[in-house]
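What follows is one structure encoded as structure tokens, with my remarks underneath.
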Amino acid sequence: MSSPNEAGRPCPVCRKQVAVDSKFLPFCSKRCQTTDLGRWASGDYHIKGESAEPWDLNGDGEETIQ
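If you read the sequence shown in the numbering used here, its first letter stands for residue 8, the second for the next number, and so on.
Right under this line is the structure:
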């Protein structure tokens, strides 16, 4: 069993305890880190608020708001 100094917070994906010296903090593993990134990329996670204006390239490489 780990001592209180070795245990950190639970992993936000799988809820396992994460050691404070884990190189994947706040995740317990590369797998959980990648799973979390995939959830953000797919839109499973989002930040509440008004939608931003969509950006588009107008053909000459300049960004413009539509």
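Positions of the beta carbon are idealized from the N, C-alpha and C atoms, including for glycine.
Rounded to a whole number of angstroms, what is the C-alpha to C-alpha distance between residue i and residue j?
i: Ala48; j: Arg38; result: 15 Å
i: Leu44; j: Phe31; result: 13 Å
i: Ser58; j: Val25; result: 34 Å
i: Ile54; j: Glu60; result: 15 Å
Pick helix, strand or coil for residue i, following the three-state DSSP scheme.
i: Gly56; result: coil
i: Gly50; result: coil
i: Arg22; result: coil
Could you check whether residue j and residue i sit closer than 8 Å to each other, using their CB atoms as the reference points?
i: Ser29; j: Cys35; result: yes
i: Arg16; j: Pro33; result: yes
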